[in-house]
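Student: Just dropping this structure here.
Residue numbers (full-length UniProt numbering): 1 to 773.
So, in structure tokens, the structure goes:
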């Protein structure tokens with residue numbers, strides 16, 4: 001029986017290929033794709049996916065960097081002022097030696113008080129609208145010889161007259177909305193006149209402050225006597241009130257001619273400047289007995305003090321003299337152990353060309369404006385100690401200037417009856433490289449300090465944005481975490497890779513790697529709420545463990561070596577560590593049970609008192625030890641896993657060759673394995689270090705978040721990452737705090753980038769150097 005002819009088998013055909021030898025991947029006749037072609041297509045798609053993913057990651061990182069830089073750049077942009085308008089006012093029939101000017105918070109309506117003439121001027125699109133309130137009827141009769149503004153009181157003014165009276169004037173701006181349109185209407189309230197002195201005389205200079213229950217006036221009369229007048233409202237049983245007036249002549253305590261004076265916003269301090277450059281500081285808490293606190297020589301060349309003003313908060317005094325010098329003075333404690341203070345110059349500014357005639361303070365921050373006799377205006381900031389803006393001199397001197405309530409505008413009145421108006425863009429006056437990274441003399445401090453304190457419950461708070469304590473805290477937390485984690489992780493990896501039994505290694509390594517999956521918020525929670533109190537209660541026992549554990553382990557290892565060979569052979573090589581577990585547990589239990597004995601033996605019965613007495617340190621419950629343990633627990637798995645992989649990947653034939661040539665396992669480890677695996681171990685250390693630098697939740701929950709600069713183990717700190725997490729929810733968008741936090745994020749980004757870059761370069765050098773192993 002004949003067999004049918006077999007069908008011809010498929011014939012492989014191919015074409016010359018420049019990539020793979022002489023031919024491309026063969027295909028089956030009939031259009032069937034071979035496995036080699038499928039593999040080639042898969043490789044091509046994989047390359048595209050990998051390249052696309054890598055480029056996408058680089059673009060994302062670059063986008064993050066660009067966004068951070070975009071948010072930070074405005075912090076360092078210089079402020080600028082834009083001239084808005086100049087308005088000519090009609091001259092007065094009787095020229096006045098003094099004037100005051102002000103503006104509402106929207107910079108739409110200004111007022112000008114010249115003598116007894118009060119005018120309201122609409123600014124902006126309605127510049128020509130000027131409303132004048134006649135003096136007769138609204139303002140009392142009498143020629144006005146001096147004017148004053150109450151510091152920190154908005155638009156509370158006082159007029160001093162030629163007959164020795166002081167007339168309070170309050171101006172308010174009321175907003176009214178009609179649909180979507182807003183209108184502003186001014187109102188004027190004139191108070192009851194008060195006598196500034198027992199005898200009527202023209203008032204030359206005046207300082208005025210008022211509260212809900214009293215008004216206080218310091219008036220310099222024509223006979224050069226300085227009188228302090230306090231008017232208090234006293235409630236009677238029948239529900240009526242009566243005024244109690246106290247007047248004190250301060251002239252006997254001031255031997256020189258008075259040239260400037262100012263009252264603090266709470267009317268508890270009075271500063272008087274004289275023609276010989278001295279400042280007399282009075283405490284007015286007892287109006288009937290004002291106390292002379294201190295006499296300060298504010299001018300080095302005995303120049304006359306021509307302008308004085310307290311900054312917002314009444315702690316710092318701005319002083320200007322006849323030579324154009326400008327300085328900020330503040331009471332500073334002489335010694336840290338006493339409460340005695342003396343006036344100290346804490347900030348000095350570039351002097352102006354002429355005598356300082358006016359100082360206007362900001363109602364929002366520590367900024368102020370100075371005007372000299374030549375009409376030049378300068379904008380300063382006390383905290384940053386910088387002159388931010390200089391306005392071109394005007395024709396003649398300026399009689400008065402005023403900072404808008406939002407510190408975004410300025411109005412001034414010149415001698416030629418012109419009102420000048422500027423818009424000011426100065427959103428971040430307190431930020432400079434000095435305030436961010438160098439010690440700054442803050443109000444209430446004895447010396448320049450590095451402080452982070454972004455907010456307070458008081459409106460007159462001086463914000464402190466030094467990033468140095470946060471950088472210090474980041475470094476401190478990282479160092480303490482690495483000090484604990486690196487020895488345990490690297491030595492554990494060495495033992496696992498070189499000495500541990502394979503069966504035990506197969507169980508230990510996955511268990512440690514699973515630790516890396518534990519959320520850091522859980523670690524922080526356990527560290528802050530469980531481990532920190534446990535450590536505080538058992539600190540002497542923990543100290544005993546640190547001292548006792550190495551001794552016990554060394555003795556146990558020595559005894560194991562001395563055991564007879566017949567007993568040692570019963571223990572499989574590589575599992576000796578299991579024999580140490582009961583001993584370690586026994587030492588831990590024994591130390592905890594004898595905690596009181598350890599405290600008595602090591603710390604004289606009270607470890608906190610001993611630490612404070614002998615080391616000068618305070619023990620905080622949430623401290624660097626707690627963070628070091630918790631953060632070390634978080635980064636040990638990473639360092640251990642990468643180091644163990646690097647050690648295990650050393651070629652086995654090299655290790656076998658070393659052992660065959662007579663080297664011990666320790667010699668092989670020291671001279672071959674560690675050198676060959678050094679690039680991988682170094683990478684593990686850098687990755688762990690980077691993880692510690694950027695860690696947030698552990699340091700947020702376990703440190704106490706106190707931004708202090710102290711290397712002590714027993715207190716906390718605040719890191720850059722934790723500070724961002726704490727502050728960013730409360731930071732106003734686009735504000736100083738908001739952008740400073742983005743600057744902190746940028747610093748973290750740059751530090752991590754530089755760290756990883758340097759680490760990669762070193763790893764490559766190590767790899768090239770030891771590639772022959």
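In this text, a Cβ means the ideal position worked out from N, Cα and C, and glycines have one as well. Since this is a predicted model, take the numbers as computed values, not measurements.
Okay, do the stretch 438-449 and the stretch 419-426 touch, 3+ Cβ pairs below 8 Å being the bar?
Tutor: No: fewer than three Cβ pairs fall under 8 Å.
Student: Where in the stretch 257-293 do unbroken runs of the beta strand (DSSP E), each at least 3 residues long, occur, reported from the N-terminal end onward?
Tutor: 258-263, 269-274 and 278-283
Student: Below 6 Å CB to CB, which residues in the same chain sit around residue 220 once its five sequence neighbours on both sides are set aside?
Tutor: The residue given as residue 220 occupies position 220 in the chain shown. Contacts found: 204, 205, 226 and 258.
Student: Between the C-alpha atoms of residue 532 and residue 622, what's the straight-line distance to the nearest angstrom?
Tutor: As a working note, residue 532 is residue 532 in the chain shown. As a working note, residue 622 is residue 622 in the chain shown. Linking residue 532 to residue 622 through their CA atoms gives a straight-line distance of about 6 Å.
Student: Do residue 184 and residue 175 have their beta-carbon atoms positioned less than 8 Å apart in this structure?
Tutor: Stepping through the chain shown from its first residue, residue 175 is reached at position 175. Stepping through the chain shown from its first residue, residue 184 is reached at position 184. Yes, they are a contact pair.
Student: Count the other C-beta atoms from every protein chain shown that fall within 10 angstroms of the C-beta of residue 319, then say buried if there are 16 or more, exposed otherwise.
Tutor: By 1-based counting over the chain shown, the position of residue 319 is 319. By the 10 Å Cβ count, residue 319 comes out buried.
Student: Do you know offhand how far residue 718's Cα is from residue 625's?
Tutor: Here residue 718 refers to the residue found at position 718 of the chain shown. Here residue 625 refers to the residue found at position 625 of the chain shown. Those two C-alpha atoms are separated by around 14 Å.
Student: Take the Cβ of residue 380 as the centre, count every other Cβ of all protein chains shown within 10 Å, and call the residue buried at 16 or more, exposed below.
Tutor: Position 380 of the chain shown, counted from the first residue, corresponds to residue 380. Burial call: buried.
Student: For the alpha helix (DSSP H) holding residue 47, just list the boundary residues, first then last.
Tutor: To locate residue 47, count along the chain shown from 1; it is residue 47. 35-72 is the span of the alpha helix (DSSP H), which, as asked, contains residue 47.
Student: For a minimum of 3 consecutive residues, which ranges assigned as the beta strand (DSSP E) are wholly contained in the stretch 597-628?
Tutor: none
Student: Can at least three beta-carbon pairs, one atom from the stretch 632-649 and one from the stretch 604-618, be found at a separation below 8 Å?
Tutor: Cβ pair count under 8 Å is below three, so no.
Student: Apply the 10 Å Cβ neighbour rule to residue 53 and answer buried if 16 or more other Cβ atoms are within range, or exposed otherwise.
Tutor: Indexing the chain shown from 1 puts residue 53 at position 53. So residue 53 ends up on the exposed side.
Student: Between which two residues does the beta strand (DSSP E) holding residue 343 run?
Tutor: Stepping through the chain shown from its first residue, residue 343 is reached at position 343. Note, residue 343: beta strand (DSSP E), 341-349.
Student: Quick one: grab the DSSP three-state call for residue 227.
Tutor: In the chain shown, the residue the question calls residue 227 occupies position 227. Correct three-state label for residue 227: strand.
Student: Give the single residue among 390, 749, 349 and 515 whose Cα lies nearest to the Cα of residue 634.
Tutor: Taking the first residue of the chain shown as position 1, residue 634 is located at position 634. Comparing Cα-Cα distances from residue 634 to each of 390, 749, 349 and 515, the minimum goes to 515.
Student: What is the rounded straight-line gap between the Cα of residue 709 and the Cα of residue 97?
Tutor: In the chain shown, counting from the first residue as 1, residue 709 sits at position 709. In the chain shown, counting from the first residue as 1, residue 97 sits at position 97. Whole-angstrom Cα-Cα distance: 54 Å.
Student: Look at the Cβ atom of residue 699, then the Cβ atom of residue 722, and state whether they are nearer than 8 Å.
Tutor: As a working note, residue 699 is residue 699 in the chain shown. As a working note, residue 722 is residue 722 in the chain shown. The answer is yes: Cβ separation under 8 Å.
Student: Here's the rule: buried if 16 or more other CB atoms are within 10 angstroms of the residue's CB, otherwise exposed. What is residue 303?
Tutor: Indexing the chain shown from 1 puts residue 303 at position 303. By the neighbour-count definition (other C-beta atoms within 10 Å, threshold 16), residue 303 is a buried residue.
Student: Can you list, in chain order, the residues of its chain whose CB lies under 6 Å from that of residue 432, leaving out five sequence neighbours each side?
Tutor: What you label residue 432 is simply residue 432 of the chain shown in a count that begins at 1. Excluding sequence neighbours, residue 432 sits near 384.
Student: Hey, quick one: how far does the beta strand (DSSP E) through residue 208 stretch, first residue to last?
Tutor: As a position in the chain shown, residue 208 is number 208, starting the count at 1. According to the DSSP assignment, residue 208 belongs to the beta strand (DSSP E) that extends over 203-210.
Student: Is residue 74 buried or exposed, if buried means 16 or more other CB atoms sit within 10 Å of its CB?
Tutor: As a first step, residue 74 is located in the chain shown; it is residue number 74 there, counting from the start. Its Cβ having fewer than 16 others within 10 Å, residue 74 is exposed.
Student: Which value, in whole angstroms, describes the spacing of the CA atoms of residue 656 and residue 628?
Tutor: Here residue 656 refers to the residue found at position 656 of the chain shown. Here residue 628 refers to the residue found at position 628 of the chain shown. Cα to Cα, the separation comes out at about 39 Å.
Student: What first and last residue would you give for the alpha helix (DSSP H) that runs through residue 478?
Tutor: Looking up residue 478 in the chain shown gives position 478. Per DSSP, the continuous alpha helix (DSSP H) segment holding residue 478 begins and ends at 468-498.
Student: Can you check which of these residues, 286, 311 and 341, is closest to residue 296 by C-alpha distance?
Tutor: One-based indexing of the chain shown puts residue 296 at position 296. Of 286, 311 and 341, the residue nearest in Cα terms is 341.
Student: Leaving out the 5 sequence neighbours to the left and right, which residues in its chain are closer than 8 Å to residue 476 when beta-carbon positions are compared?
Tutor: Looking up residue 476 in the chain shown gives position 476. Correct list, in chain order: 624, 711 and 717.
Student: On a CA-only basis, which of 306, 170 and 254 is nearest residue 293? Give me that one, please.
Tutor: As a working note, residue 293 is residue 293 in the chain shown. Nearest of 306, 170 and 254 to residue 293, Cα basis: 254.
Student: Apart from the five residues on each side of it in sequence, which residues of its chain come closer than 6 Å, Cβ to Cβ, to residue 166?
Tutor: Here the question's residue 166 lines up with position 166 in the chain shown. Same-chain partners within the cutoff: 158, 160, 194, 196 and 217.
Student: Can you say whether residue 565 is buried or exposed, counting buried as having 16 or more other CB atoms within 10 angstroms of its CB?
Tutor: Position 565 of the chain shown, counted from the first residue, corresponds to residue 565. Exposed.
Student: For residue 571, does the three-state DSSP call read helix, strand or coil?
Tutor: By 1-based counting over the chain shown, the position of residue 571 is 571. In the displayed model, residue 571 falls within coil according to three-state DSSP, outside both helix and strand.
Student: Going by C-alpha distance, which of 223, 149 and 557 is nearest residue 162?
Tutor: As a position in the chain shown, residue 162 is number 162, starting the count at 1. Distance check between residue 162 and each of 223, 149 and 557 places 223 closest, using alpha-carbon atoms only.
Student: Which term fits residue 455, buried or exposed, when burial requires 16 or more other beta carbons within 10 angstroms of its beta carbon?
Tutor: As a working mapping, residue 455 is identified with position 455 in the chain shown. Residue 455 should be labelled exposed.
Student: Suppose only complete runs of 3+ residues qualify. What are the beta strand (DSSP E) ranges in the stretch 381-424, listed by chain order?
Tutor: 386-391, 398-403 and 409-414
Student: When you compare each of 300, 364 and 264 to residue 317 by their alpha carbons, which one comes out closest?
Tutor: In the chain shown, residue 317 corresponds to position 317, counting from 1. Out of 300, 364 and 264, 264 has the C-alpha closest to the C-alpha of residue 317.
Student: Residue 581: buried (16+ other C-beta within 10 angstroms of its C-beta) or exposed?
Tutor: Taking the first residue of the chain shown as position 1, residue 581 is located at position 581. Residue 581 comes out exposed.
Student: My understanding is that residue 397 touches residue 412, with C-beta atoms under 8 Å, so please give their C-beta distance in whole angstroms.
Tutor: Working through the chain shown from its first residue, we reach residue 397 at position 397. Working through the chain shown from its first residue, we reach residue 412 at position 412. Wrong, their Cβ atoms sit about 10 Å apart, outside the cutoff.
Student: May I ask you to list the residues that DSSP assigns as paired with residue 440?
Tutor: In the chain shown, residue 440 corresponds to position 440, counting from 1. Answer is 449.
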